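Undergrad: Attaching a single structure in structure tokens format; questions to follow.
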Amino acid sequence: MDRLTEYLFPKQVSTFAQDIDNLFYFIFYTSLALLAIVTFGMIYLAIKYRFKKNDEVRLTSSTDHNSILESSFVIIPLILVSITFVWGIKSYLNMVTVPNDAIEIKVTGQSWFWTFDYPEGGSTLNELVVPSGVPIKIVLSSKDVLHSFYIPVMRAKMDVLPNRYNVMWFDARHEGIYPIFCTEYCGTGHSQMNAQVVVMNPKQYNVWLAEAGSEDDDLPLDELGAKLYSKKACITCHTLDGSPLVGPSYLQTSQMWGQERVFDDGSSATIDDNYIRNSILEPQSQIVAGYQGVMPTYQGLLNDRELDALIAFLKTLKEDSEI
Ligand SMILES: [Cu+2]
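FYI, in the numbering used here the residues of the sequence shown are 7 to 329.
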């Protein structure tokens, strides 16, 4: 049974996952049973009372109703629907009532990545780190269009809107790494708007919180840049192989180092360190001709060393391609 459940549904990781699945199976199996009764009953009666050649023409039976049968048609479904209703309302209230001792994590969706801000001040991109066995309150909002935040293993999903906060919560019971999806179509990069939730035991989590990001301090700039390129979601819009995606390929920009970049308003600028920095912090100020101004600003999401790293990484691409 357990294996069948995991085949149909992702693992049950949050405290309420099992209850929700059980409710689903209750509805599913009662519907299946009713379908079987009605279908086989119909086939059986159609065969039993079929017209036979030698039959005399039969008149309709004089029996016009059967109180027990008819009231059971009403009472049995009424009982089933009432069970579903009470069970459903209880589960729903449990899902929307956030425990008071929950850890609050702020989640921001934007085209096309997720940022997670922790109460102690750290932040991560596309990776939500939480302790197990502790209720987690997720406060959601969007910087641009509608998104939807979905963690299948938690059975938790909530719309993400600009200009307002939506809330959901879960309490993870099993450590592990599980996928997060955007489930509201939000443009070209929607299918890449994936993240993951890392559930750690509370001790590990505290260590992680204390160290968050500090391991990067030891990396050489270009290696840190390569890491940030995927970690900060540049990869969803910029390729490394020269082919344009939503934005120009990082390789092309690198190969054009020192040359003029023409913008959609006809102006131009030389591609150098300052231009790259500006492109990352204020992408709307200079929009490369032939592209749309959809790059989000990374103001506040990258520190100076990280910006240097992304620039250093960009420069290595050109050298690599010339070998
Ligand atoms: Cu989205």
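All residues carry an ideal CB built from backbone N, CA and C; glycine is no exception. In this text, all values refer to a predicted model and were calculated from it rather than measured experimentally.
#1: Got a sec? Which residues, its chain only, sit under 7 Å from threonine 259 by beta carbon, not counting five neighbours each side?
#2: Just to check my reading of the structure: lysine 143 and alanine 108 have Cβ atoms closer than 8 Å, yes? What is that Cβ distance to the nearest angstrom?
#3: Is there at least one non-hydrogen atom of ligand 1 closer than 6 Å to the beta-carbon of cysteine 243?
#4: State yes or no: is the C-beta of methionine 199 nearer than 6 Å to some heavy atom of ligand 1?
#5: Looking at the strands, I want to know which residues DSSP matches up with leucine 134.
#6: Check whether the Cβ atoms of serine 147 and tyrosine 171 sit closer than 7 Å, and answer yes or no.
#7: Cβ-heavy atom distance between cysteine 192 and ligand 1 below 6 Å?
#8: Are serine 97 and aspartate 25 closer than 7 Å when you measure CB to CB?
#9: Taking the beta carbon of valine 173 as the centre, do at least 16 other beta carbons fall within 10 Å, making it buried, or is it exposed?
#10: Contact defined as beta carbons within less than 8 Å: I believe cysteine 192 pairs with leucine 152. What is the distance between those atoms, to the nearest angstrom?
#11: Can you give me the C-alpha to C-alpha distance between valine 135 and isoleucine 293, rounded to a whole angstrom?
#12: Can you name, in chain order, every residue of its own chain whose Cβ lies under 7 Å from the Cβ of serine 274, other than the five neighbours on each side?
#13: So what's glutamine 18 in DSSP terms, helix, strand or just coil?
#14: Measuring only from the beta carbon, is cysteine 240 closer than 6 Å to any heavy atom that is part of ligand 1?
#15: If you count every other CB in all the chains shown that lies within 10 Å of the CB of valine 87, and 16 or more means buried, which is it?
#16: Return the first residue and the last residue of the beta strand (DSSP E) that tryptophan 175 is part of.
#17: Contact criterion: CB-CB distance below 7 Å. Does lysine 17 meet it with respect to chain D?
#18: Compute the minimum distance between the beta carbon of histidine 153 and the heavy atoms of ligand 1, and state whether it is under 6 Å.
#19: Counting pairs of Cβ atoms below 8 Å between the stretch 279-295 and the stretch 174-187, do you hit three or more?
#20: With DSSP as the reference, please indicate the residues paired to proline 141 in a beta bridge.
#21: Do proline 302 and proline 158 come within 7 Å of each other at the CB atom, strictly closer than that value?
#22: Can you find the residues in the same chain that come closer than 6 Å, C-beta to C-beta, to glutamine 305, ignoring five residues on each side of it along the sequence?
#23: Taking the straight line between their C-alpha atoms, what separation do you get for aspartate 326 and glycine 115?
#24: Within a Cβ cutoff of 8 Å, which residues of the same chain sit near asparagine 284, ignoring the five residues on either side of it in sequence?
#25: What residue range does the beta strand (DSSP E) around aspartate 342 cover?
#26: Tell me which same chain residues have a C-beta within less than 6 Å of the C-beta of isoleucine 317, skipping the five on either side of it?
#27: Going by DSSP, which residues form a beta bridge with methionine 164?
#28: Using DSSP with H/G/I as helix, E/B as strand and the rest coil, what is alanine 275?
#29: Counting C-beta neighbours from all protein chains within 10 Å, is the total for glutamate 190 16 or more, i.e. buried, or is it exposed?
#30: With respect to the alpha helix (DSSP H) encompassing phenylalanine 187, which residues constitute its N-terminal and C-terminal limits?
TA: If we stick to the structure as given:
#1: Ile277, Leu320
#2: 4 Å
#3: no
#4: Methionine 199: yes, Cβ under 6 Å from ligand 1.
#5: Val203
#6: yes
#7: True, at least one ligand heavy atom lies under 6 Å from that Cβ.
#8: yes
#9: Per the 10 Å Cβ criterion, exposed.
#10: 7 Å
#11: Valine 135 and isoleucine 293: Cα-Cα distance of roughly 35 Å.
#12: The beta carbon of serine 274 sits closer than 7 Å to those of Glu266, Arg267, Val268, all from its chain and outside the five residues before and after it, given in chain order.
#13: In the three-state DSSP reduction, glutamine 18 falls in the coil class, being neither helix nor strand.
#14: no
#15: Valine 87 should be labelled exposed.
#16: 172-177
#17: The structure shown has no chain D; it contains just one protein chain.
#18: yes
#19: no
#20: Asp177
#21: no
#22: By the criterion of a C-beta distance shorter than 6 Å, glutamine 305 is surrounded in its chain by Leu287, once the five residues flanking it on both sides are discounted.
#23: Note on geometry: alpha-carbon atoms of aspartate 326 and glycine 115 lie some 34 Å from one another.
#24: Ser291, Gln292
#25: Absent from the structure is residue 342, since the part of the chain shown begins at 7 and ends at 329.
#26: Asp279, Ile282
#27: Residue pairing by DSSP puts methionine 164 in a beta bridge opposite Phe155.
#28: Here alanine 275 carries a strand assignment [DSSP, helix/strand/coil].
#29: buried
#30: From DSSP, phenylalanine 187 is part of no alpha helix (DSSP H) but of the beta strand (DSSP E) over 182-188.
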